[in-house]
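I have placed the structure first, in the form of structure tokens, so that the comments after it can refer back to it.
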Amino acid sequence: MSNIVILTGAGISAESGLETFRAETGLWAQHRVEDVATPEGFARDPKLVVDFYNTRRAQAAEAAPNAAHKALARLEAEHSGRVLVVTQNVDALHERGGTRNLIHMHGAVNSALCAACDHRWEAPMVMAAGDTCPACSQPAARPDIVWFGEMPYQMDEIFETLGQADLFAAIGTSGNVYPAAGFVAEARRAGADTVEINLEPSSVGSQFARHITGPATQTVPAWVDALLAS
Ligand code: BV8
């Protein structure tokens, strides 16, 4: 199991108190996706979208990494081979939990992006629609988030690593959003072993060789212990 690729979703941060998307009381129950997570929604009402991410940024700052985040950091530190965490999450709980080799494929709520010159900088706690870019001074600041219809970040690197994976794990993701939901098929094509760690099977659960069921703060540390012992 030298090369391990781990995809995480909102479920790994749920026990840190951050809402998931598709639970009954989740983020998509409170906001229409097309209003707050699409470029069209941002163009239509930039204040609504910027405020949505201001709220998420404040909630993420209040949250603490949980035992699952910390277990993945321990795996990276102690595993003899390579460990890459690809997260769909925009919170910073993986890096605050100690993970270094990390890709935020859907962006990060602590980062701001200039829609005019592509400059990135650390987002202020509260962004406002029309904020100017510190590099080009245009009023084109936006949350550095990948919205629906936009290309996720570092896809070449992700696919290259999936092609060399010995083990692919998906933790706390419902498998509803592509291209992330297609990673398990890519890993299987590379001959990797696959495991899904979740409260219940995801929409792509049938594509995984193994399932570990239960809350991430219990299942992930036990899974890491077993991996490091093997
Ligand atoms: C793109 C913004 C193309 C950040 C998000 C086929 C191929 C390619 C694309 C598509 C396709 N079909 C459709 C598409 C388009 C679309 C898509 O997938 N639509 C879906 C709805 C059908 N995809 C896109 O638009 C993507 N872009 O494809 O671009 C392209 C090509 C060329 C040029 C340009 C563009 C972009 C997708 C990114 C969208 N941005 N968010 C933010 O606001 O946070 S997606 C959003 O949902 C999140 O980022 C998150 O990543 C994603 C998935 O949610 P999950 O993380 O899985 O969370 P969820 O609530 O759903 O599930 C939680 C899970 O945890 C559950 O399974 C639950 O059981 C579990 N759980 C809960 N508690 C626990 C737990 N598990 C363990 N322990 C617990 N305690």
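Residues in the sequence shown are numbered consecutively from 3, following this note's numbering. Beta carbons are placed, not taken as given, at the ideal position from N, Cα and C, and that holds for glycine.
Cα atoms of residue 228 and residue 73: separation of roughly 12 angstroms, rounded to the nearest angstrom. Around the CB of residue 93, 16 or more other CB atoms lie within 10 Å, so the residue is classed as buried. A check of alpha carbon separations from residue 66 across 96, 148 and 79 identifies 96 as the nearest.
With a cutoff of 7 angstroms, residue 90 counts as near ligand 1, since its C-beta is closer than that to a heavy atom of the ligand.
In the structure shown, the three-state DSSP call for residue 113 is strand.
Annotation: residue 6 to residue 20 spans about 26 angstroms, alpha carbon to alpha carbon. As for any alpha helix (DSSP H) of minimum length 4 sitting wholly inside the stretch 73 to 130, the runs are 95 to 98, ordered along the chain.
Proximity of the beta carbon of residue 191 to ligand 1 is not indicated: no heavy atom of the ligand is located closer than 7 angstroms. Exclusion of residue 95 from the 7 angstroms shell around ligand 1 follows from its C-beta lying no nearer than that to any non-hydrogen atom of the ligand. Of the candidates 142, 4, 163 and 207, the residue whose Cα lies closest to the Cα of residue 177 is 207.
Not one heavy atom of ligand 1 sits closer than 7 angstroms to the Cβ of residue 210. In the three-state reduction of the DSSP assignment, residue 223 falls in the helix class, which pools H, G and I. Residue burial is scored here from C-beta neighbours: residue 107 has at least 16 other C-beta atoms within 10 angstroms and is therefore classed as buried. In this structure, ligand 1 has no non-hydrogen atom nearer than 7 angstroms to the beta-carbon of residue 129.
Sequence-distant partners of residue 226 (beyond 5 residues in either direction) whose C-beta falls short of 8 angstroms from its own C-beta, in its chain, are 73, 74, 76 and 77. Not one heavy atom of ligand 1 lies closer than 7 angstroms to the C-beta of residue 50.
Excluding the 5 residues flanking it on each side, residue 101 has same chain C-beta neighbours closer than 8 angstroms at 71, 74, 75, 78 and 87, in chain order. One alpha carbon belongs to residue 98, the other to residue 16, and they sit about 16 angstroms apart.
The stretch 204 to 219 makes no contact with the stretch 39 to 53: fewer than 3 CB pairs, one atom from each, lie closer than 8 angstroms.
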